[in-house]
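Below is one structure, written out as structure tokens; the observations come after it.
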Amino acid sequence: SVERTLSIIKPDAVAKNVIGEIVTRFEKAGLKVVSMQMKQLSKEDAEGFYAEHKERPFFADLVAFMTSGPVVVQVLEGENAIAMNRDLMGATNPKEAAESTIRRDFAESIDANAVHGSDSAASAEREIAYFFGA
Ligand code: CMP
Numbered sequence: 002s003v004e005r006t007l008s009i010i011k012p013d014a015v016a017k018n019v020i021g022e023i024v025t026r027f028e029k030a031g032l033k034v035v036s037m038q039m040k041q042l043s044k045e046d047a048e049g050f051y052a053e054h055k056e057r058p059f060f061a062d063l064v065a066f067m068t069s070g071p072v073v074v075q076v077l078e079g080e081n082a083i084a085m086n087r088d089l090m091g092a093t094n095p096k097e098a099a100e101s102t103i104r105r106d107f108a109e110s111i112d113a114n115a116v117h118g119s120d121s122a123a124s125a126e127r128e129i130a131y132f133f134g135a
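As structure tokens, then:
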């Protein structure tokens, strides 16, 4: 079915000048960008967005990284958009990401991993509302 998912192009990928290359991958796969905003996240923005990871040992580093420079927040729409985006991104750790995935091609490390994508319908709904409202 047609779904919407939240995508974030993270500070490492913005700094590398690959916003266009990443968006092209979404578009070539049939996903449509229906909302898009470049944004410098505040500490509160990043902490709230990643609240589910609050107790994880990497939380402080994650928040520091996500506020280290501007990000591009997008809503992608298309058939099976949530799983499609996750396939395009590849594994969280770029060392484990399959060939031709965004993380394999553009990410440096598990922290600086180029993109975020919603992992379920419930998180897509929450994450889209977090940045773009209902
Ligand atoms: P993301 O999909 O944005 O969701 C949480 C982020 O935490 C993840 O991508 C990684 O960039 C980062 N992270 C750092 N260490 C880990 C870890 N051990 N497991 C999962 N995510 C991690």
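For the UniProt record's numbering, add 1 to where a residue sits in the sequence shown, where the first one is 1.
Think of the CB as a built atom: it goes at the ideal place given N, C-alpha and C, for glycine as much as any other residue.
Treat the numbers as computed from the prediction; the structure is a model and nothing was measured.
Which value, in whole angstroms, describes the spacing of the CA atoms of alanine 122 and leucine 7?
One-based indexing of the sequence shown puts residue 122 at position 121. One-based indexing of the sequence shown puts residue 7 at position 6. Each residue's alpha carbon lies about 10 Å from the other.
Could you tell me whether any non-hydrogen atom of the ligand CMP is closer than 6 Å to the CB of phenylalanine 133?
Translated into the one-based positions of the sequence shown, residue 133 becomes position 132. It does not: the Cβ of phenylalanine 133 is nowhere closer than 6 Å to a heavy atom of the ligand CMP.
Pairing CB atoms from the stretch 50 to 60 with CB atoms from the stretch 20 to 40, are three or more of them under 8 Å?
no
Report the rounded CA-to-CA distance for aspartate 88 versus serine 43, giving the unit in angstroms.
Position 87 of the sequence shown holds residue 88. Position 42 of the sequence shown holds residue 43. In a straight line, the C-alpha of aspartate 88 is about 29 Å away from that of serine 43.
Does the beta-carbon distance from lysine 11 to valine 72 come in below 7 Å?
Translated into the one-based positions of the sequence shown, residue 11 becomes position 10. Translated into the one-based positions of the sequence shown, residue 72 becomes position 71. Contact: yes.
Can phenylalanine 107 be considered in contact with the ligand CMP, in the sense that its beta carbon sits closer than 6 Å to one or more heavy atoms?
Mapped onto the sequence shown, residue 107 falls at position 106. Checking the Cβ of phenylalanine 107 against the ligand CMP gives no.
Opposite histidine 117 in the DSSP bridges: which residues?
If you number the sequence shown from 1, residue 117 lands on position 116. Paired residue(s): Ile9.
Taking its Cβ as the centre, do 16 or more other Cβ atoms sit within 10 Å of arginine 57, making it buried, or is it exposed?
The residue given as residue 57 occupies position 56 in the sequence shown. That one is exposed.
Could you compute how far the alpha carbon of glutamate 45 sits from the alpha carbon of arginine 26?
By 1-based counting over the sequence shown, the position of residue 45 is 44. By 1-based counting over the sequence shown, the position of residue 26 is 25. If I take the Cα positions, the gap works out to 30 Å.
Nearest to residue 1 (by Cα), restricted to the options Lys33, Asn18 and Ala82:
No statement about residue 1 is possible, as the shown extent of the chain runs from 2 to 135 and does not include it.
Distance, Cα to Cα, residue 138 vs valine 15?
Residue 138 falls outside the range modelled here, since the chain spans only 2 to 135, and no answer is possible.
In the DSSP output, what is serine 36 paired with across the bridge?
As a first step, residue 36 must be located in the sequence shown, where it is residue number 35. Serine 36 is bridged to Val76.
Three-state secondary structure (DSSP) of glutamate 28:
Translated into positions along the sequence shown, residue 28 becomes position 27. Residue state, collapsed to three classes: helix.
Taking 6 Å as the cut-off, is the CB of threonine 93 close to at least one heavy atom of the ligand CMP?
Counted from its first residue, the sequence shown places residue 93 at position 92. Yes, the ligand CMP has a heavy atom inside 6 Å of this Cβ.
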